[in-house]
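So the sequence shown is numbered by the UniProt record's numbering: it starts at 1 and just counts up by one.
The block underneath contains the structure these notes are about, expressed in structure tokens.
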Amino acid sequence: MDTWDAEVADCLVFKPTGSHSWIQETFQYPPRYLYRVATPRSEGQTTQSWAKSKDATNSRASSQKDLFSRSGKQMANMLDRHLGRKESKFDNFVSWTSSLLYAIQYIFSRHHEERTPLDKIMLYIVDTTKFPAGVFIRDMDLLAVYSPFNAGLQKLQCARSPVLKDAPPSSLPEFLRASYFGEYLSQGALRIEGRCSAVSAQDILDAGLLDLRVEFKASRRFNLGLDERVKHLRKAFAQCDDLPRDIEREIRVAVAIGNLFGPDWSVSVAASLMALRPCRGEDLLVICRELLQYFPSKCVVH
Numbered sequence: 001m002d003t004w005d006a007e008v009a010d011c012l013v014f015k016p017t018g019s020h021s022w023i024q025e026t027f028q029y030p031p032r033y034l035y036r037v038a039t040p041r042s043e044g045q046t047t048q049s050w051a052k053s054k055d056a057t058n059s060r061a062s063s064q065k066d067l068f069s070r071s072g073k074q075m076a077n078m079l080d081r082h083l084g085r086k087e088s089k090f091d092n093f094v095s096w097t098s099s100l101l102y103a104i105q106y107i108f109s110r111h112h113e114e115r116t117p118l119d120k121i122m123l124y125i126v127d128t129t130k131f132p133a134g135v136f137i138r139d140m141d142l143l144a145v146y147s148p149f150n151a152g153l154q155k156l157q158c159a160r161s162p163v164l165k166d167a168p169p170s171s172l173p174e175f176l177r178a179s180y181f182g183e184y185l186s187q188g189a190l191r192i193e194g195r196c197s198a199v200s201a202q203d204i205l206d207a208g209l210l211d212l213r214v215e216f217k218a219s220r221r222f223n224l225g226l227d228e229r230v231k232h233l234r235k236a237f238a239q240c241d242d243l244p245r246d247i248e249r250e251i252r253v254a255v256a257i258g259n260l261f262g263p264d265w266s267v268s269v270a271a272s273l274m275a276l277r278p279c280r281g282e283d284l285l286v287i288c289r290e291l292l293q294y295f296p297s298k299c300v301v302h
């Protein structure tokens, strides 16, 4: 019988063992910040207290069982449906991304495809240093383990991996050509209260998000899919000499948005937003100097 344990813990840690124990080494160096976009139609439930998978939201006892303690083929199928954004009755994963650029474009996609009002779309940020090791796991590490069980995962692994060395030459670095967007997963129910902040997409846009990069306005035309839009925006990093820029204005926008997340998060969010723009080496000194004027008592570099 699938019975929910009311005394659920604050998190369900991934515990790879045996031939999968190498993954434990990656738990020591997760990205400092991860982002999640949630809407009323998202699978599971995300609030400023909890980030719950679909299974945890439905109080399934299986949501309290670690992925690595369950059937490899069964978990491969669940992972395929989750990462492939396919309809699924059972899903014990919650997706996060280390890419703020991807999170922003995902906001636009949810607004366009679901017709969800922007004030109902929330952008969450969590500080991974405030969670036990093993709470978050990289998608590529799970794909390495479970792709042998599932053809869909094998295709996804190829799509998210850097282009092979014998592929046709390109002027873009490999990381710009791969469909990899820094996805991380948590499982079950994760208490994020006191370790997160969240702001609505409407508030972020009202603070000037579309003015931060001129490409953001064009990217809302949806002539490209989500993944292709992100890769298109990445190309600007290889073409920074051709882009107009007003660093001071962009910093004001980044700071305004950062302040929406509260004093504990403002510097990190502002710096992450500025990292979305193409940047010459000489721009870095200007950005650091300007940010220090807004946050004189805080460290800009994290």
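No residue lacks a Cβ here, since even glycine has one placed at the ideal position from N, Cα and C.
**Request:** Within the same chain, show all residues whose beta-carbon is closer than 8 Å to that of alanine 103, passing over the 5 residues directly before and after it, in chain order.
**Result:** For the purposes of this step, residue 103 is identified with residue 103 of the sequence shown, where counting begins at 1. The residues are Tyr35, Arg36, Val37, Thr97, Leu123.
**Request:** Pull up the distance between the alpha-carbon of residue 303 and that of glutamine 74, whole angstroms please.
**Result:** Residue 303 is absent from the structure shown; the chain starts at 1 and stops at 302.
**Prompt:** Using the C-alpha atoms, what's the distance from glutamine 24 back to tyrosine 184?
**Reply:** If you number the sequence shown from 1, residue 184 lands on position 184. If you number the sequence shown from 1, residue 24 lands on position 24. Tyrosine 184 and glutamine 24: Cα-Cα distance of roughly 14 Å.
**Asked** If you drop the 5 nearest sequence neighbours on each side, which residues of the same chain put their C-beta closer than 7 Å to that of cysteine 196?
**Response** Walking along the sequence shown from the start, residue 196 turns up at place 196. Here the set comprises Gln48, Tyr124, Ile125, Val126.
**Message:** If you reduce the DSSP assignment to three classes, tell me which class threonine 39 lands in.
**Reply:** For this step, residue 39 is matched to residue 39 along the sequence shown. In the structure shown, threonine 39 sits in coil (DSSP, three-state: anything other than H, G, I, E or B).
**Prompt:** Which residues in the same chain have their Cβ closer than 7 Å to the Cβ of arginine 70, if we skip the five residues on either side of it in sequence?
**Reply:** Counted from its first residue, the sequence shown places residue 70 at position 70. No residues qualify anywhere along the chain.
**Sheet register partners of tryptophan 50 (DSSP bridge)** = Translated into the one-based positions of the sequence shown, residue 50 becomes position 50. Its beta-bridge partners are Arg191.
**Prompt:** Which residue's Cα is closest to the Cα of glycine 188: Asp91, Asp246, Leu291?
**Reply:** Counting from one through the sequence shown, the residue named residue 188 turns up at place 188. Of Asp91, Asp246, Leu291, the residue nearest in Cα terms is Asp91.
**Beta-carbon contacts of isoleucine 204 that lie in its chain and below 6 Å, excluding the five residues immediately before and after** = Residue mapping note: residue 204 aligns to position 204 of the sequence shown, counting from 1. Ile257.
**Prompt:** Under three-state DSSP, which class holds valine 126?
**Reply:** By 1-based counting over the sequence shown, the position of residue 126 is 126. Residue state, collapsed to three classes: strand.
**Prompt:** Is the segment 76 to 84 close to the segment 137 to 152, with three or more CB pairs under 8 Å?
**Reply:** yes
**Prompt:** From what residue to what residue does the alpha helix (DSSP H) around phenylalanine 93 run?
**Reply:** By 1-based counting over the sequence shown, the position of residue 93 is 93. Residue range 93 to 97 is occupied by the beta strand (DSSP E) that includes phenylalanine 93, with no alpha helix (DSSP H) assigned at that position.
**Request:** For histidine 20, collect the residues of the same chain with a Cβ closer than 6 Å to its Cβ; drop the 5 residues on either side in sequence, then sort them by chain order.
**Result:** Counting from one through the sequence shown, the residue named residue 20 turns up at place 20. Excluding sequence neighbours, histidine 20 sits near Val145.
**Message:** Measuring alpha carbon to alpha carbon, tell me which residue in Asn58, Ser179, Ser268 is nearest leucine 83.
**Reply:** In the sequence shown, counting from the first residue as 1, residue 83 sits at position 83. Minimum Cα distance to leucine 83 is reached at Ser179.
**Request:** Kindly indicate the opening and closing residues of the beta strand (DSSP E) around serine 197.
**Result:** In the sequence shown, counting from the first residue as 1, residue 197 sits at position 197. Unbroken beta strand (DSSP E) run through serine 197: 196 to 200.
**Request:** Report the three-state DSSP secondary structure of tyrosine 180 (helix, strand or coil).
**Result:** Translated into the one-based positions of the sequence shown, residue 180 becomes position 180. Here tyrosine 180 sits in coil by DSSP.
**Request:** Check whether the Cβ atoms of alanine 270 and valine 255 sit closer than 7 Å, and answer yes or no.
**Result:** Translated into the one-based positions of the sequence shown, residue 270 becomes position 270. Translated into the one-based positions of the sequence shown, residue 255 becomes position 255. The answer is yes: Cβ separation under 7 Å.
**For leucine 185, three-class secondary structure by DSSP** = For the purposes of this step, residue 185 is identified with residue 185 of the sequence shown, where counting begins at 1. Strand at leucine 185.
**Message:** Using 8 Å for Cβ pairs, my map puts alanine 51 next to isoleucine 247. What's the rounded Cβ distance?
**Reply:** Translated into the one-based positions of the sequence shown, residue 51 becomes position 51. Translated into the one-based positions of the sequence shown, residue 247 becomes position 247. No, alanine 51 and isoleucine 247 are not in contact; Cβ-Cβ is about 35 Å, not under 8 Å.
**Message:** Rounded to whole angstroms, what is the Cα-Cα separation between phenylalanine 93 and arginine 60?
**Reply:** As a first step, residue 93 must be located in the sequence shown, where it is residue number 93. As a first step, residue 60 must be located in the sequence shown, where it is residue number 60. Roughly 13 Å separates the two Cα atoms.
**Request:** Name the residue from Cys11, Leu100, Phe27, Ala9 whose alpha carbon lies nearest to the alpha carbon of phenylalanine 181.
**Result:** As a first step, residue 181 is located in the sequence shown; it is residue number 181 there, counting from the start. With distances taken between Cα atoms, phenylalanine 181 lies closest to Leu100.
**Asked** If we count the other Cβ atoms within 10 Å of its Cβ and call it buried at 16 or more, is tryptophan 265 buried or exposed?
**Response** In the sequence shown, counting from the first residue as 1, residue 265 sits at position 265. Buried.
**Request:** Report the rounded CA-to-CA distance for aspartate 227 versus methionine 274, giving the unit in angstroms.
**Result:** As a first step, residue 227 must be located in the sequence shown, where it is residue number 227. As a first step, residue 274 must be located in the sequence shown, where it is residue number 274. About 21 Å.
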